[in-house]
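Since the structure comes first, as structure tokens, the remarks are kept for the end.
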Amino acid sequence: MSTFSIRDDEDGIARPVTVRVWDPLVRIFHWSLVIAFTIAWLTGDEIRRVHEVAGFLIAGLVAFRWIWGLVGSRRARFRDFVYQPRTVIAYLKDIVHHRARRYVGHNPAGGAMVVALLVMLTVICTTGIMMTTNAFWGVEWVAGVHAICANLILVLVGLHLAGVFAASVEHKENLVRAMITGDKRAT
């Protein structure tokens, strides 16, 4: 579904100014995940019950996103933003040279980051849930994988934020605002 504002240019032709890119469920997922992950990470070893509740919330959010990536709105679907590795690498090279193509939805690097974050969160949630069971309580490798991935995801989050900043600067648009409103510049 596209929503847009109309602008009359000097030539009198009405053109769309903005287009709806991210549906409300994607945006609610995104910001809920930001909050829940922050809480889970900050309470990891200190406030176990809060950590577990935040972790289960994250697990639910991640499960939803995997499903929504298959059946959701056009821009939410993986087929809209998952590209072959060579396309992602070419896009990253173009970013370095300040000639990256603008995408209305996720660019190839952003799409790869979505998948990387979802995979990492799935591993974190799986090991976290395993640690709440009798079978895996106190098993060192499970706790180790959980802790390592919980800290490695911070690197991914940092790269994600750097990518959002770089794309926002290069294409002169506020991608954070777009993830709040759901709308991006049409052209």
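Quick note: the sequence shown uses our numbering, first residue 4, plus one each step. Built from N, CA and C at the ideal position, the CB exists for glycine as well. Computed from a predicted structure; not experimentally measured.
Quick check: V65 and T125, are their CB atoms within less than 8 Å of each other?
Mapped onto the sequence shown, residue 65 falls at position 62. Mapped onto the sequence shown, residue 125 falls at position 122. Contact: yes.
Count the C-beta pairs between the segment 151-161 and the segment 100-114 that are closer than 8 Å, then say yes if the count reaches three, no if not.
no
For A189, the three-state DSSP class (helix, strand or coil)
Counted from its first residue, the sequence shown places residue 189 at position 186. If DSSP states are grouped into helix, strand and coil, A189 belongs with coil.
Go ahead and label P88 buried or exposed: buried means 16 or more other beta carbons lie within 10 angstroms of its beta carbon, across all protein chains shown.
On the sequence shown, residue 88 is found 85 positions in, with the first residue counted as 1. P88 comes out exposed.
Unbroken alpha helix (DSSP H) runs of length 4 or more, entirely within the segment 88-140: which are they?
88-99 and 111-134
Under a Cβ-count criterion, where at least 16 other Cβ atoms within 10 Å of its own Cβ denotes burial, should N154 be classed as buried or exposed?
The residue given as residue 154 occupies position 151 in the sequence shown. Exposed, by the Cβ-count rule.
If we call anything under 8 Å between Cβ atoms a contact, is T41 one with R188?
In the sequence shown, counting from the first residue as 1, residue 41 sits at position 38. In the sequence shown, counting from the first residue as 1, residue 188 sits at position 185. Not in contact: T41 and R188 (Cβ atoms no closer than 8 Å).
7 Å CB neighbourhood of A62 in its chain, flanking five on each side removed
For the purposes of this step, residue 62 is taken as residue 59 along the sequence shown, with counting starting at 1. Only C128 and I132 meet the Cβ criterion.
If we call anything under 8 Å between Cβ atoms a contact, is T46 one with V37?
Residue 46 sits at position 43 when you count from the first residue of the sequence shown. Residue 37 sits at position 34 when you count from the first residue of the sequence shown. Not closer than 8 Å, so no.
Cα separation between I50 and L60?
Position 47 of the sequence shown, counted from the start, is the residue given in the question as residue 50. Position 57 of the sequence shown, counted from the start, is the residue given in the question as residue 60. In a straight line, the C-alpha of I50 is about 16 Å away from that of L60.
Only counting the same chain, and skipping five residues up and downstream in sequence, which positions put a Cβ closer than 6 Å to that of A115?
As a first step, residue 115 is located in the sequence shown; it is residue number 112 there, counting from the start. So the qualifying residues of the chain are V91.
In terms of residues, what are the limits of the beta strand (DSSP E) holding R23?
Taking the sequence shown and counting its residues from 1, one reaches residue 23 at position 20. Note, R23: beta strand (DSSP E), T21 to R23.
For F81 and V167, I'd like the C-alpha separation in whole angstroms.
Mapped onto the sequence shown, residue 81 falls at position 78. Mapped onto the sequence shown, residue 167 falls at position 164. F81 and V167: Cα-Cα distance of roughly 19 Å.
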